[in-house]
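With the sequence shown counted from 1, adding 378 to any position gets you our numbering. Built from N, CA and C at the ideal position, the CB exists for glycine as well.
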Amino acid sequence: MSYTLTHMKPTTFRLVMLLLTSVVAHSAAAATTAEKTLVAWASPANLSQRGGSVLTWDDRESHFDGIVFGEVSPRRWMAGSDFYRRTLRAQEELAQETAGPTTLVQIAIVYRKDGVSVYRNGSLYSHHPVTELATFGKGSAVIMGLRHLDAQDGACFAGTIDDARLYDLALSSAQIQALKPNEPSDPKPFAWWHFEDGRPEDAMANFPAGKLAGNARIESGRLVLDGNQSYFVSPPSAAPRPIGTPGPDVTEEFILNYHLMHPGEASLPGDPNPAFYLDGTYHLHYILGHTWRGKGSFSFVHVTSPDMLHWTWQRTQLQPAFTEHGMFSGTGFETKDGRPAAIYHGQASGRNQIAIAKDRSLSGWEKPFPIDVRNPDGSEAKISHWDPDCFLIGDTYYAISGGANPPVFKSKDLKTWTLIGDFVRQHPSDVTIGEDISCPNFFRLGNKWMLLCISHPLGCRYYLGDWDSQAEQFVPESHGRMNWARTDQPVWGLFQRTDFFAPESLVTPDGRRVMWAWVTSAGPDNKLLNKTIQSLPRELSLARDGTLRIRPLRELEGQRSQSKVLTQVKLQHPITGHGDRVPPRNGPALQTIAELESDSLEIRITVNRAEAARKLFGFMLFADGKGGGLPILLRPETSTVRLGSVEAPFSVASLEPGENVDLRIFIDKYLVEVFVNDRQALLAAHLDRPAKSVLEGFTVGAATQLDRVEVWNLKPTNQGLREAQKSRVWEPSRNSSL
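Here's what the structure looks like:
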């Protein structure tokens, strides 16, 4: 006698499955192979939904593979992945889904070294090559509904899921065709959720019982999802904080004195965006994450300033209640007739967008319109819509769209765009394969062109080169970095080694190029990630030899008060023991230079070049007398400057003849930025500060004389933040239209 398992009582079915799997179940702690298969039987509640997932495998470190519906192109299935690394972006030729809410569709995605194949009801739906597969092992998570754990738009699948399973091998098309929902298979799955017993449990026992979030429920042997922040997740500890969940406003301990920061609750991401100088006023926007119509979305918060230091929060205009989509990174530019405009990625719109201001105070905007890029023959160009930038050369608008290989396209009127080709002709040798160009900002700097941008895994960086007007292409000559990882951070990874991120810039009326960057995770354990802190404004220029110069905004000097000047300060207790620690813990080797009587300071230290040559010496901030604190070191043996555990290239030997060492140190409570001879800049956070602070110094091998030490208190510029905490003028509409 024989019968199928689906005819058993739920309790009997569960018992049999546990017995069947106990012998062969893999350990979830063991690493899986990169080749794998995701399979699910699902029915979408509607075909207009965008960006939810039927089944996702997530490593909990911002990498995922998933069966995603309608994210890039409506009504189409795709292999979702982190930053589309394993995703087919050109989906217009794929068949649109037609299944209604009562029709189950089997979707399987097979990951092999030669590419990723998507199957619909056993038939090949799409195939595309990939350069590398993702591997999931110990600590990974499985989600159904939500696209991935870090999905900032909160998009969730709406419909039912009858069966979902993971295989730690690549199934053949015949094996996929042989699969039946709620029935065992050979080979056996690595993990399997059939929901027949009404429980969110993995029948293979490799994942713990899952959590049902929001209105997710199991009914009649199916997982039912309503698309509104409802999802399944295993293990339950992996469940993300719901998008848009209000948190406490920034507390007093984190409020900075003269850095621009968001006055409200957690606001990830915090990219600075369209920046302008217009009729005597500086304008800057930054991204704010929030809830809109029950889902996560994003707005551009608008701040204004007379000097790039004292900021006032304005009413938020660029928000989804007005645009009908979220606001992701872009830049500001002026049209040929002098109107301020913003180009940006319309989150969840599938397109880059342009909005033009109604006036030069940015008090209102015209409705944004999508960028439609065509090939020279008039056909639609197959490009990735991602972080864009727009710039004028002569009477032609050029725009780029971010990604691994950004395209460049042109227009005379901002409406009709023609694809030219690749924006970057070739990459310098120190650009790592796999880096993307995102948050781009392209502009003239001196006699060169500069591309200021990020790569998501390695942070803020820049290219310098020329514009080939015949080929209409950027030709880089050099490349440099502005983000320097701490030693406790991995070599690679979004928000894991990126403290200086998502740059934006503008030109002042006297011709200076000034940039900001989002200070993401400068503190340990990402404690500052949700605070939306912007770096000090930095002035960029080119030296005579064509290399980049970076100096703090000169308007900061107007905030100085209560100066203290010390001259001919001798660090006279050199460390000479071969086993001694640098920086020292305490004792005479760590010499007090000055008491710091404020938490808002600028320190400038000048050392004669000859005195500094080949010297390992430095300073300690926030010293606690037990070896703790934030060190600053000049290291001739590595040709680097160190701040905390961050090191960046700098050598005294590279200075011009007669040029002395010039250190400028800005202390804003727990955040420190250091500028060295306008050639290098670093930042670090030190959250464990003593009640009383001193500046201490040390030297190795021989005494070192400091020509001059100047200390100024800096007057706070955060009055506007405190006003904005009361007025809440920046808060976007969370539900209805404007």
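If the criterion is Cβ atoms closer than 9 Å, does the pair residue i and residue j meet it?
i	j	result
residue 1021	residue 1052	yes
residue 417	residue 455	no
residue 1060	residue 1026	yes
residue 996	residue 1012	yes
residue 780	residue 815	yes
residue 614	residue 587	yes
residue 728	residue 428	yes
residue 557	residue 520	no
residue 692	residue 705	no
residue 904	residue 879	no
residue 485	residue 503	yes
residue 331	residue 875	Since the first and last residues shown for the chain are 379 and 1116, residue 331 lies out of range.
residue 709	residue 767	yes
residue 573	residue 604	no
residue 1050	residue 952	no
residue 993	residue 1088	no
residue 535	residue 578	no
Does DSSP classify residue i as helix, strand or coil?
i	result
residue 1015	coil
residue 519	strand
residue 787	strand
residue 562	coil
residue 796	strand
residue 421	strand
residue 632	helix
residue 701	helix
residue 450	coil
residue 1101	helix
residue 392	Because the pLDDT at residue 392 is just 36, under 50, the model does not fix this residue reliably, and the point stays unresolved.
residue 1107	coil
residue 809	coil
residue 1028	coil
residue 759	coil
residue 833	strand
residue 1059	strand
residue 426	coil
Taking buried to mean at least 16 other C-beta atoms within 10 Å of its own C-beta, is residue i buried or exposed?
i	result
residue 811	exposed
residue 1174	Limits of the chain in this structure are 379 at one end and 1116 at the other, which puts residue 1174 out of reach.
residue 985	buried
residue 895	buried
residue 671	exposed
residue 507	exposed
residue 837	buried
residue 1074	buried
residue 978	buried
residue 653	buried
residue 818	buried
residue 480	exposed
residue 629	exposed
residue 1003	exposed
residue 634	buried
residue 600	buried
residue 501	exposed
residue 913	buried
residue 414	buried
residue 730	buried
residue 523	buried
Let me check you understand the geometry: is the CB of residue i closer than 8 Å to at least one non-hydrogen atom of the ligand HEM?
i	result
residue 780	The ligand HEM is not part of this structure, which contains no ligands at all.
Would residue i count as contacting chain C if we go by Cβ distances under 9 Å?
i	result
residue 889	The structure shown contains no chain C, having only a single protein chain.
> What residue ranges within the segment 935-1001 form continuous beta strand (DSSP E) runs of no fewer than 3 residues, ordered along the chain?
Replying inline: 938-949, 969-974, 978-985, 995-999
> Does the segment 505-524 come close enough to the segment 431-442 to have 3 or more Cβ pairs within less than 8 Å?
Replying inline: yes
> Quick one: any contact between the segment 931-940 and the segment 1085-1096, if contact means 3 or more CB pairs under 8 Å?
Replying inline: Contact check between the segment 931-940 and the segment 1085-1096: three or more CB pairs, one atom from each, fall below 8 Å, which counts as touching.
> Which ranges does the beta strand (DSSP E) cover as unbroken runs of at least 3 residues, wholly within the segment 463-525, from first to last along the chain?
Replying inline: 483-490, 493-498, 501-506, 519-523
> Would the segment 863-871 and the segment 882-896 be scored as touching if the rule is three or more Cβ pairs under 8 Å?
Replying inline: No, the segment 863-871 is not in contact with the segment 882-896.
> Within the chosen definition, does the segment 530-537 reach the segment 666-682 through at least 3 CB pairs nearer than 8 Å?
Replying inline: They touch, by the three-pair rule.
> Below 8 Å, can you find three or more Cβ-Cβ pairs linking the segment 875-884 to the segment 654-666?
Replying inline: yes
> When the Cβ atoms of the segment 645-656 are set against those of the segment 905-921, are three or more pairs found closer than 8 Å?
Replying inline: yes
> What are the uninterrupted segments assigned as beta strand (DSSP E) that are 3 or more residues long and contained completely in the segment 884-940, given in chain order?
Replying inline: 891-897, 916-920, 926-930
> Can you list the alpha helix (DSSP H) stretches of 4 or more residues lying completely in the segment 849-888, in chain order?
Replying inline: List check, alpha helix (DSSP H) in window: nothing returned.
> Is the number of C-beta pairs between the segment 843-857 and the segment 791-807 that are closer than 8 Å three or more?
Replying inline: yes
> Whole alpha helix (DSSP H) runs in the segment 546-602 with 4 or more residues, listed along the chain?
Replying inline: 551-556
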